[in-house]
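Enquirer:
Number of protein chains: 6
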Amino acid sequence: MMQPNKHVYMACEATFEEASTVIYGAPFDGTVSNRPGTRFAADAIRSESYGLETYSPYLNKDLEDVQIMDSGDVDITIGNKVKVLEELEATAREILKADKLPFMIGGEHLVTLGPFRAVHEKYPDVVLVQLDAHTDLRDDYMGEPLSHATVVRRIHDITGDGGIYQYGIRSGTKEEFDWSDTHTTLEKFSINTLKDLPDLLKDTPVYVTIDLDCLDPSIFPGTGTPEPGGLTYKELEPAFKVFEQLNVVAADIVELSPPYDASGVSNAVAAKVARELMLAITK
Amino acid sequence: MMQPNKHVYMACEATFEEASTVIYGAPFDGTVSNRPGTRFAADAIRSESYGLETYSPYLNKDLEDVQIMDSGDVDITIGNKVKVLEELEATAREILKADKLPFMIGGEHLVTLGPFRAVHEKYPDVVLVQLDAHTDLRDDYMGEPLSHATVVRRIHDITGDGGIYQYGIRSGTKEEFDWSDTHTTLEKFSINTLKDLPDLLKDTPVYVTIDLDCLDPSIFPGTGTPEPGGLTYKELEPAFKVFEQLNVVAADIVELSPPYDASGVSNAVAAKVARELMLAITK
Amino acid sequence: MMQPNKHVYMACEATFEEASTVIYGAPFDGTVSNRPGTRFAADAIRSESYGLETYSPYLNKDLEDVQIMDSGDVDITIGNKVKVLEELEATAREILKADKLPFMIGGEHLVTLGPFRAVHEKYPDVVLVQLDAHTDLRDDYMGEPLSHATVVRRIHDITGDGGIYQYGIRSGTKEEFDWSDTHTTLEKFSINTLKDLPDLLKDTPVYVTIDLDCLDPSIFPGTGTPEPGGLTYKELEPAFKVFEQLNVVAADIVELSPPYDASGVSNAVAAKVARELMLAITK
Amino acid sequence: MMQPNKHVYMACEATFEEASTVIYGAPFDGTVSNRPGTRFAADAIRSESYGLETYSPYLNKDLEDVQIMDSGDVDITIGNKVKVLEELEATAREILKADKLPFMIGGEHLVTLGPFRAVHEKYPDVVLVQLDAHTDLRDDYMGEPLSHATVVRRIHDITGDGGIYQYGIRSGTKEEFDWSDTHTTLEKFSINTLKDLPDLLKDTPVYVTIDLDCLDPSIFPGTGTPEPGGLTYKELEPAFKVFEQLNVVAADIVELSPPYDASGVSNAVAAKVARELMLAITK
Amino acid sequence: MMQPNKHVYMACEATFEEASTVIYGAPFDGTVSNRPGTRFAADAIRSESYGLETYSPYLNKDLEDVQIMDSGDVDITIGNKVKVLEELEATAREILKADKLPFMIGGEHLVTLGPFRAVHEKYPDVVLVQLDAHTDLRDDYMGEPLSHATVVRRIHDITGDGGIYQYGIRSGTKEEFDWSDTHTTLEKFSINTLKDLPDLLKDTPVYVTIDLDCLDPSIFPGTGTPEPGGLTYKELEPAFKVFEQLNVVAADIVELSPPYDASGVSNAVAAKVARELMLAITK
Amino acid sequence: MMQPNKHVYMACEATFEEASTVIYGAPFDGTVSNRPGTRFAADAIRSESYGLETYSPYLNKDLEDVQIMDSGDVDITIGNKVKVLEELEATAREILKADKLPFMIGGEHLVTLGPFRAVHEKYPDVVLVQLDAHTDLRDDYMGEPLSHATVVRRIHDITGDGGIYQYGIRSGTKEEFDWSDTHTTLEKFSINTLKDLPDLLKDTPVYVTIDLDCLDPSIFPGTGTPEPGGLTYKELEPAFKVFEQLNVVAADIVELSPPYDASGVSNAVAAKVARELMLAITK
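So the protein lines, in turn, are chains A, B, C, D, E and F.
The numbers in our numbering rise by one with no breaks, and the one at position 41 of the first sequence is 41.
The numbers in our numbering rise by one with no breaks, and the one at position 226 of the second sequence is 226.
The numbers in our numbering rise by one with no breaks, and the one at position 216 of the third sequence is 216.
The numbers in our numbering rise by one with no breaks, and the one at position 168 of the fourth sequence is 168.
The numbers in our numbering rise by one with no breaks, and the one at position 64 of the fifth sequence is 64.
The numbers in our numbering rise by one with no breaks, and the one at position 239 of the sixth sequence is 239.
(1) For Gly160/E, name the three-state secondary structure that DSSP assigns.
(2) Which residues bound the alpha helix (DSSP H) around Ala268/A?
(3) At which residues does the beta strand (DSSP E) containing Asp252/B begin and terminate?
(4) Here's the rule: buried if 16 or more other CB atoms are within 10 angstroms of the residue's CB, otherwise exposed. What is Asp161/D?
(5) Helix, strand or coil for Asp342/A per DSSP?
(6) Relative to the C-alpha of Pro259/E, which residue among Cys12/E, Ala42/E, Glu86/E and Tyr9/E is closest?
(7) Exposed or buried, Leu200/D, counting other C-beta atoms within 10 Å across all chains shown (16 or more means buried)?
(8) From Gly264/E to Val82/A, what does the alpha carbon distance come to, in whole angstroms?
(9) For Glu144/A, which of helix, strand or coil comes out of DSSP?
(10) Using the C-alpha atoms, what's the distance from Gly79/B back to Met69/E?
(11) Give the C-beta separation of Phe189/A and Gly229/A to the nearest angstrom, bearing in mind that I take them to be a contact with Cβ-Cβ under 8 Å.
(12) Under 9 Å between C-beta atoms, does Pro228/A make it to chain C?
(13) With H, G and I counted as helix, E and B as strand and the rest as coil, what does DSSP make of Lys6/C?
(14) Thinking C-alpha only, which one of Tyr207/D, Trp179/D, Leu231/D and Val84/D is nearest Phe28/D?
(15) Tell me whether Val152/C sits in a helix, a strand or coil according to DSSP, three-state version.
(16) Could you give the C-beta distance for Asp132/E and Asp213/E, rounded to a whole number, given that I count them as a contact under 8 Å?
(17) With distances taken from CA atoms, which of Thr225/A, Leu256/A, Leu88/A and Thr193/A is nearest Glu235/A?
(18) Who pairs with Met69/B in a beta bridge, going by DSSP?
(19) Using 8 Å as the Cβ pair cut-off and three pairs as the minimum, do the segment 204 to 211 of chain B and the segment 245 to 260 of chain B touch?
(20) Please work out which residues of its chain come closer than 7 Å, Cβ to Cβ, to Thr232/F, disregarding the five sequence neighbours upstream and downstream, and give them in chain order.
(21) By Cβ distance below 7 Å, which residues in the same chain neighbour Asn247/E in space, the five residues on each side in sequence not counted?
(22) Where do the ends of the alpha helix (DSSP H) carrying Gly114/D lie?
(23) Leaving aside the five residues before and after Met1/F along the sequence, list all residues of the same chain whose C-beta is less than 6 Å from its C-beta, in chain order.
(24) How many whole angstroms separate the CB atoms of Val66/E and Gly25/E, which I take to be in contact at a CB cut-off of 8 Å?
(25) By the criterion of Cβ-Cβ separation under 9 Å, what are the contact partners of Tyr260/C in chain B?
(26) For Thr91/B, report the span of its alpha helix (DSSP H) as first-last.
(27) Where does Asp29/B sit, in a helix, a strand or coil, going by DSSP?
(28) Should Arg35/E be labelled buried (16 or more other beta-carbon atoms within 10 Å of its own) or exposed?
(29) Mind checking whether His7/D and Ser47/D have CB atoms under 9 Å apart?
(30) Got a sec: is the Cβ-Cβ distance from Phe103/E to anything in chain D below 9 Å?
(31) Which residue from Glu244/E, His109/E, Tyr50/E and Ala271/E puts its Cα closest to that of Lys61/E?
(32) Within 8 Å, do at least three Cβ pairs link the segment 266 to 275 of chain E to the segment 148 to 164 of chain E?
(33) When you check each C-beta in the segment 134 to 145 of chain A against every C-beta of chain C, which residues fall closer than 9 Å?
(34) Enumerate in chain order the residues of its own chain whose CB-to-CB distance from Thr150/C is below 7 Å, with the five nearest sequence positions on each side excluded.
(35) Could you tell me if Thr38/C is buried or exposed, where buried requires 16 or more neighbouring beta carbons within 10 angstroms of its beta carbon?
(36) Shorter than 9 Å from the beta carbon of Lys188/D to some beta carbon of chain E?
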């Protein structure tokens, strides 16, 4: 008998019970109810994934050999940031409770706050490893404490000093950079010190968040705030081998905005980052 | 427990058993295995449908009130026209056997031949009602009998004279137009005589095929062969009221090529045509 | 001595004191702080206006002969709908207080609520004349009372029955259409009865809001929710002669989203609508 | 033996000697030496023509039945308007001398002045029939007498009153419209009176110039100055039957700017206009 | 007397007799007869070549100093892979017979098989040097032995082990990579060992095939299957100096798909690769 | 009281009197009066600047700490190169006279000649430091001495040998490269020797001109003549620290063509280059 159409990331066809890792989309990009940007990212990545192979010659691993489920996009309350974060937190909690790894596809960067809370609940010593162009360390953005420009500051509210590792940062206010001097570990412009993390963190639970705008706009034009001077894809690739060696307990990729790249290359990049990251962290 | 991501046309969430109409995609556009055109149409229409309402103020009907299932795209053998047509025929046959109405989203126009064969098997007196910019009546196209430029001629091979009704035609060779004079019913440039069909056909089983390039490229640029001088959307809308009065036993819409319209308007048009057509013919 | 760069709608170079009409932009499209859609509309319209002439052969009027000031975009609190509406209300109030006509360029349609409040304060019998594809009459949208899908319902909260005139509507839920039967004056699909308004309304103060998606997506693809079956530009043009005969005390045009139309045609359309509307209503 | 690649409008493969009509491109759009706009029009039209049929069901004529040669683009002196016009004049003169009909594909509208001079030399009583959105009647444009905004005024310098017939005009300064009252025949907004020309002009030699922006930007977005409110393609089509009945001795189509329409629809429109116009006027 | 329009790669104006190298296009991308992708590549490269100089400062060579003919696109049988390959083989054979070097512009990568057969006929010890993102070593693709995903495997059928040199490969199935271990020479991710070829191959006849997707999608988005992590243009440039030192007897560049890059940059890249490659290998 | 809309580069809100640096746009790209390319660059850069921060972590400087005025675009005489250059010269002279630093945003590269003359008048020993893909050293371009392809040759007419420093050059005729051997200092393909300039030039007055096509088309597709093989943004960034150490008395950035990059990335790059360059040279 015919079945309703499924639309999942390539080869991620495990059931919830079988799965080690569970994908969920966070189609949040503000209060407008149609069209603008990152809300379409997870869907675009699913579609684009079929242009890739399941096998990664970089990691010598294959999606066919691991158990991943794609649960689709979370049904969020458009236009209500507070509720959206709660809904994403609940989704991550459900996955964590079943001892699986939550893998979120944003959405704007603010969405990271939701699942991070659920992860922190289960792993109180969890640290954030962030690849990003922007510090996201403002205390408020035009008076607003919840914003994609403040999200890492909000996470610092949870972890305190020593809990935030930032890489590839090339944009922020002077105040943000100054603040990071005493409150976070931050590498400007590159990710060279990322490889020191396995020694440093050992078995510490890690939440990996990749704001895809850490990549240079040449390879990733489809994002809300393109910032020239970022990573090439080749410069990013070694990060996945580092993540293989960490105790990653949750991850996300955020800030793909498909409408801004008609060529579709940004979608392909995001789909490949998703593959590599899932292969690196799925047990 | 979490479920795998579904991706169906808005509100078309019936099970196969419940459904009166069953949607299936025909992602066929030749032998290239990634990217080119119409293969992405059904997926694009599903995504875009969520920008519409379920209610049609034209027909005063609502998708919430009918039972439709979206079975996804048929898994076709890329690059093998003969097999693809067999696969689409088999899908249509399965739906017809369960006494449901098959609703196909192409794909290039050649795909119509597959389900038409299955429909003709069940309804030997079925006729084709075609809205199109092109005659599609060539006997062969550069030596090839199976092509989007010959598809209606191939269907005529099955129905014989009296079985083909063509509307909105504005492009073809002189030979095609001449041939149509004695073998098909053809209205050039417009669809004014479409409204006579209910009286003419009464209960005759009808296969409706809408090549979306019957619409003017102003409203439908996203197609393989844009032909200026077509229908406005408003000029097309009354066709759905005509289809309501016919004994439509199968239908399709074809030739949306999403990559050629970055604005997304062509997707929105195709999604709306799908809604109106499904509402018109679903019992 | 050199002056800072000004950027105003073509020929709208009056001072505030001189001006009869004052343009202000409402760059609101949700909480995302960069890129998405309608927030860029007013700026795009200003730039595009220089591709037009100041003279309208339709109205036989010239922008050179009237006094209009372009005050730029209001400095809004991104991501806070309630405050944004207050800020727009305050701007309109300042203009009205000086006995000038406020002319707003949105932004998403929700923005209309702000200035409408200020207008209603000065003219308690003001009515809304709306050209739109969508009813915008939901009482709430996914639980949220303030939304572009509810804005006209919110304005009805202020005016009560008899205060809302809707034209060109071709999309909405069945509930919205049913509700409009007893609470608003609504013409479906076209604007033929618009010409009856001068006789009907006489000197009643009128707020004109043009949701540019009343136009067909063929001529106006650059919008958030394209809905096929709308007005051609030629079908819209007579509306401006009707507005000439009404006592229009405020006006806006909304829902241009420049990023969705790379060809720039939507910007040109919006700029021309702005010219015609300003010429029609400026004393 | 293999031959160098030819690139001609579909089916226009006559030799110069055989040809009744000779196509030449005028790739002029100012002094920039790469990329900007209309200079690429003729090449784009040639490529796009292969998406059409050679047969026109409107005119019941076929390019296979007439003799047309495509001589390619004239080798112009970039950035020197005076010389460019001389070069285009010389090309037209060579074609006219051989008693063939020159058919130019612009380029910006200024290019019409060059061939018009050559035509006037051979046919001193030639009149201009212009389809356009803009009057092009300024005496100078920012001090400059040679401009696409002055070209018809320059042609009036040659023909004097009674020599200019303008249709579809919907943009200009008040001065231009006023001037036209006494110096040209001008129909605003539409082309309804075009059908009176055969009776009026009888055998008078006619130069037909179609500024493609006479079409609405919905169907023709790829142009330098889109002006909403223009002709649909269907409204333009009858013009070709009128041209069939005139003594057309030269023609051009101008102002296609391919880079501004990524969908390629504008190219398709221009190619179809070229086919219809060539079929209408080629003996 | 005026001549029909020629359209050749910049400065490639030799006659067949004069020419050392002969360009021919292979506009094959499947069975769809209009629009999709790579079939438009050769034409786009010809047009774009005029934005380059004839002189290469990298190779210190000038197209003005060599004799190249551009014979246009081969007239292929659309939708029939077997025939298309025969037609391309015949074209290459004709060029080789005249002791000239065939230079093909694809088309999808499958096209390489045609001319390779002709080259192998003349030079039985010919080897393939391939730059590519993908292995193209599948034995069949969804049951189909002739596909762009199998083309190098088909060529291996002809050359046997030792005849295939692959560089820059970053995508394939695990099976393909494993198979290459014993059957081809393959460098993953980069082309560093390419410079060893002159010593290794000495005078062995070489067929060079450049799948342009070996380049990173940042610089080459206009291709069917963008795969992040590829070469920058600067990383590719030294390859041409290597090719200068090999006994190259035929070459091609494939997989440019102009519709997928509205910016035109991919066309410019392909045109420059063509210039450098032709300068490197033309005697 | 409300003020007319200002549109200035982010944070460049000084008055003329306060300003150390004055921005002015040169919207020149030939004689076409609407739409084509670089004329829209300055406006696009102003808009895009608001996506950046005012603080540069590279230079550790902030626009908030310097005094810059944005005077808008110069009101040029379209289509008259000679006059345009005079107008730009006059603007630069006015700024220099007030002992401020002129900072021009082009426009095509020819515009540099205008302000260079004014700078040379005040600083007769001024030298040109040029970052570019192209030599721009032709003596004439198709007979025309004033062109974007000849602009540096014209500046050499003023400075004589020893006055021109060229970096990143990767395109030109053989004659241009040969000529540069004896007349200019030219580094091919890279900008490695730029860092020697402070020692070499010491206090010599310097005019910096950055043709943005020195950047690779991967990061800067939005330009008239994309030339693969250019600088990454990271490779360009150190140049700004070099400029900090020079006695820069005037500067410009040229050749951004916004219409050719729908993603907006080129605008973002140009805006960031402007920020860095202004921070580097403003005292």
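In this text, a Cβ means the ideal position worked out from N, Cα and C, and glycines have one as well.
Expert: According to the structure shown:
(1) Against the fifth sequence, residue 160/E aligns to sequence position 160. Reduced to three states, the DSSP call for Gly160/E is coil.
(2) For the purposes of this step, residue 268/A is taken as residue 268 along the first sequence, with counting starting at 1. Start and end: Val265 to Ile281.
(3) Looking up residue 252/B in the second sequence gives position 252. Element bounds for Asp252/B: Asn247 to Val254.
(4) The residue given as residue 161/D occupies position 161 in the fourth sequence. Under this definition Asp161/D is an exposed residue.
(5) Since the first residue of chain A shown is 1 and the last is 283, residue 342/A is not available in this structure.
(6) Counting from one through the fifth sequence, the residue named residue 259/E turns up at place 259. Of Cys12/E, Ala42/E, Glu86/E and Tyr9/E, the residue nearest in Cα terms is Ala42/E.
(7) Position 200 of the fourth sequence holds residue 200/D. Under this definition Leu200/D is an exposed residue.
(8) As a first step, residue 264/E must be located in the fifth sequence, where it is residue number 264. As a first step, residue 82/A must be located in the first sequence, where it is residue number 82. Rounded to whole angstroms, Gly264/E to Val82/A spans 43 Å at the Cα level.
(9) Numbered from its first residue, the first sequence carries residue 144/A at position 144. Strand.
(10) Walking along the fifth sequence from the start, residue 69/E turns up at place 69. Walking along the second sequence from the start, residue 79/B turns up at place 79. So the two alpha carbons sit approximately 34 Å from each other.
(11) The sequence position of residue 189/A within the first sequence is 189, counting from 1. The sequence position of residue 229/A within the first sequence is 229, counting from 1. Yes, they are in contact, since the Cβ atoms of Phe189/A and Gly229/A sit about 7 Å apart, within 8 Å.
(12) Position 228 of the first sequence, counted from the start, is the residue given in the question as residue 228/A. No, Pro228/A lies away from the interface with chain C (no Cβ there is under 9 Å from its Cβ).
(13) As a position in the third sequence, residue 6/C is number 6, starting the count at 1. Residue state, collapsed to three classes: strand.
(14) The residue you call residue 28/D lines up with position 28 of the fourth sequence. Ranking the options by Cα distance to Phe28/D, first place goes to Val84/D.
(15) Locating residue 152/C in the third sequence gives position 152, counting from the first residue. Note: Val152/C maps to helix in three-state DSSP.
(16) For the purposes of this step, residue 132/E is taken as the residue at position 132 of the fifth sequence. For the purposes of this step, residue 213/E is taken as the residue at position 213 of the fifth sequence. Indeed they touch by this definition, with Cβ atoms about 7 Å apart.
(17) In the first sequence, residue 235/A corresponds to position 235, counting from 1. Considering only alpha carbons, the answer is Thr193/A.
(18) Residue numbering aside, residue 69/B sits at position 69 when the second sequence is read from its first letter. Beta-bridge pairing links Met69/B to Glu13/B and Val22/B.
(19) yes
(20) Position 232 of the sixth sequence holds residue 232/F. For Thr232/F, where only same-chain residues beyond five positions count, the Cβ hits under 7 Å are Asp216 and Ile219.
(21) Stepping through the fifth sequence from its first residue, residue 247/E is reached at position 247. Closer than 7 Å at Cβ, skipping near neighbours: Asp203, Thr204, Pro205 and Val206.
(22) Within the fourth sequence, numbered from 1, the residue matching residue 114/D stands at position 114. Per DSSP, Gly114/D belongs to the alpha helix (DSSP H) from Leu113 to Lys122.
(23) Along the sixth sequence, read from residue 1 onward, the residue named residue 1/F stands at position 1. Same-chain partners within the cutoff: there are none.
(24) Residue numbering aside, residue 66/E sits at position 66 when the fifth sequence is read from its first letter. Residue numbering aside, residue 25/E sits at position 25 when the fifth sequence is read from its first letter. Actually they are not in contact, since the Cβ atoms of Val66/E and Gly25/E sit about 19 Å apart, beyond 8 Å.
(25) To locate residue 260/C, count along the third sequence from 1; it is residue 260. Those are Ala262, Ser263, Gly264 and Val265, listed as they occur along chain B.
(26) Counting from 1 along the second sequence, the entry for residue 91/B is found at position 91. Looking at the DSSP string, the run of the alpha helix (DSSP H) that includes Thr91/B is Lys81 to Lys97.
(27) Numbered from 1 along the second sequence, position 29 holds the residue referred to as residue 29/B. In this structure, Asp29/B counts as coil in the three-state DSSP scheme.
(28) Reading the fifth sequence from its first residue, position 35 is the one you call residue 35/E. Unreliable placement is indicated for Arg35/E, whose pLDDT of 47 sits below 50; the coordinate value is still reported in the next sentence. Buried, since its Cβ has 16 or more Cβ neighbours within 10 Å.
(29) If you number the fourth sequence from 1, residue 7/D lands on position 7. If you number the fourth sequence from 1, residue 47/D lands on position 47. Contact: yes.
(30) The sequence position of residue 103/E within the fifth sequence is 103, counting from 1. Not one chain D Cβ lies under 9 Å of Phe103/E.
(31) Numbered from 1 along the fifth sequence, position 61 holds the residue referred to as residue 61/E. Among Glu244/E, His109/E, Tyr50/E and Ala271/E, the Cα nearest to that of Lys61/E belongs to Glu244/E.
(32) no
(33) Tyr141, Met142, Gly143 and Glu144
(34) Counting from 1 along the third sequence, the entry for residue 150/C is found at position 150. Cβ within range, chain order: Asp136, Arg138, Asp139, Asp140 and Tyr141.
(35) In the third sequence, the residue the question calls residue 38/C occupies position 38. Result: buried.
(36) Position 188 of the fourth sequence holds residue 188/D. Not an interface residue.
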